[in-house]
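Protein chains in written order, with numbering that gives the first Met the number 0: chain V, 0 to 120; chain C, 0 to 136. Note that CB positions come from ideal geometry on N, CA and C, so glycine has one too. A short write-up of the structure that comes next.
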Amino acid sequence: MLGAIPILRMGDVLLTTVHIELRDAVAEAFQADVLSAIERSHVTGLIIDISGLDMVDSYVARILAETGRMARLMGTETVLCGMRPEVSATLVRMGYLMAGVHAALDLDEGLQLLRSIQGAR
Amino acid sequence: MMTTRSHREMRIETEDDVILVRRAVRALAEANGFDVFATAALTTAASELTRNVWVHARKGVAVIEEVTNGTRAGVRVTFRDEGPGIADVERAMAGGFSTARTMGLGLSGSRRLVDQFELHSAVGQGTTVEIVKWKAL
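Structure representation (structure tokens):
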């Protein structure tokens with residue numbers, strides 16, 4: 000399952016788009032792939048685009064938030080981009096807090112947010 | 000009075016069934032004209048509850064039905080397993096509590112996403128959860 004979700008490097012930022020329904024094995028491999036890519040490429044920012052996901056259950060939410068917290072321990076901030084309105088509404092209603100990740104409306108906003116976070120430190 | 004318009008039974012035996020069950024539920028919600036918010040809520044609840052069956056009982060069944068109460072269309076999903084059952088239902092429903100690798104929001108979170116939620120569980124005998132989501136008028 001390794002490599003099911005491509006991870007691209009753009010300067011000091013890693014960009015990944017979750018475009019497929021995440022099976023458990025894929026989700027766990029994705030987390031490991033992202034952390035290895037951060038170590039290899041020495042980036043300080045990670046963008047996860049989830050605009051393609053029409054559903055995020057607590058399992059996938061946990062994988063995403065955990066990935067952000069793990070990346071932070073490695074010195075990399077994570078911005079989650081493009082969460083759809085119905086996904087956001089569902090997660091909040093369930094009571095799930097996405098602690099550990101920043102969020103932005105789309106990729107452009109996400110990159111800007113990362114720049115300002117990186118500029119601040 | 001709730002009448003059943005269609006009935007489909009799906010077995011939950013592998014991790015992939017989490018995806019198959021929620022796809023079937025989504026298709027039914029969409030076919031019945033649910034908006035994207037109601038569809039996401041119901042689909043997510045189905046995903047949580049199917050995963051609960053898989054994680055806690057390893058196998059079970061999801062019964063997916065189109066229902067109507069005369070004026071509104073709805074989707075009812077019943078999850079049944081013969082797993083270990085829940086010793087403390089109240090505590091399990093309070094959320095943030097998990098005995099396995101789910102994160103403890105499965106039951107309490109699902110309840111907040113649907114219009115009707117009923118849980119029956121007996122230790123050593125299994126658990127049944129029935130949820131209904133109605134199409135917004």
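- Contact check for C:G32 against V:S57 fails: the beta carbons are separated by 8 Å or more.
- For C:A61 and V:G10, the gap between their C-alpha atoms comes out near 47 Å.
- In the structure shown, the three-state DSSP call for V:V33 is helix.
- At a C-beta separation below 9 Å, V:D53 has these neighbours in chain C: R25, V35, T38, A39 and T42.
- Residues of the segment 84 to 111 of chain V whose Cβ lies closer than 8 Å to any Cβ of chain C, in chain order: P84, E85, V86, A88, T89, R92, M93, G94 and Y95.
- Annotation: C:G105 is outside any beta strand (DSSP E); the continuous alpha helix (DSSP H) that includes it extends over G105 to L112.
- Taking the Cα of C:G59 as reference, the smallest distance to any Cα among C:T127, C:A44 and C:H119 is reached at C:T127.
- Distance check between C:N51 and each of C:I85, C:T38, C:A39 and C:E89 places C:I85 closest, using alpha-carbon atoms only.
- Exposure of V:S40 is indicated by the presence of fewer than 16 other C-beta atoms within 10 angstroms of its C-beta.
- Across the structure, C:V131 and C:N68 are spaced so that their CA atoms are roughly 11 Å apart.
- Shortest Cα-Cα distance from C:V20 to any of C:T77, C:H119 and C:R4 involves C:T77.
- Using a Cβ distance threshold of 8 Å, C:A37 and C:A135 count as a contacting pair.
- In the three-state reduction of the DSSP assignment, V:L90 falls in the helix class.
- Contact of C:E47 with chain V is assigned, a C-beta pair being separated by under 8 Å.
- Spanning the alpha carbons of C:V24 and V:L45 requires a straight line of approximately 33 Å.
- V:T16 is not a Cβ neighbour of V:G67, given a cutoff of 8 Å.
- For the C-beta of C:G105, the chain V residues within less than 8 Å are, from N- to C-terminus, S57.
- The Cβ-Cβ distance between V:H101 and V:L112 falls below 8 Å.
- What C:L112 touches in chain V, judged by beta-carbon distance under 8 Å, is T89, R92 and M93, going in chain order.
- From the listed residues V:A98, V:V12, V:P5 and V:G109, the smallest Cα separation to V:H18 is found for V:P5.
- Nearest to C:E117 by C-alpha distance, out of C:D15, C:L48 and C:A56, is C:L48.
- Listed by position along chain C, the residues whose Cβ is nearer than 7 Å to that of V:E20 are I18.
- Scanning V:V86, V:L104 and V:V25 for the CA closest to the CA of V:L96 turns up V:V86.
- Linking V:A36 to V:L14 through their CA atoms gives a straight-line distance of about 10 Å.
- Under the criterion of beta carbons closer than 8 Å, C:G73 and C:H55 do not qualify as touching, at roughly 27 Å.
- DSSP places C:E89 inside the alpha helix (DSSP H), whose first and last residues are V88 to M92.
- Taken in chain order, the unbroken stretches of alpha helix (DSSP H) that lie wholly in the segment 34 to 80 of chain V and span 4 residues or more are 57 to 72.
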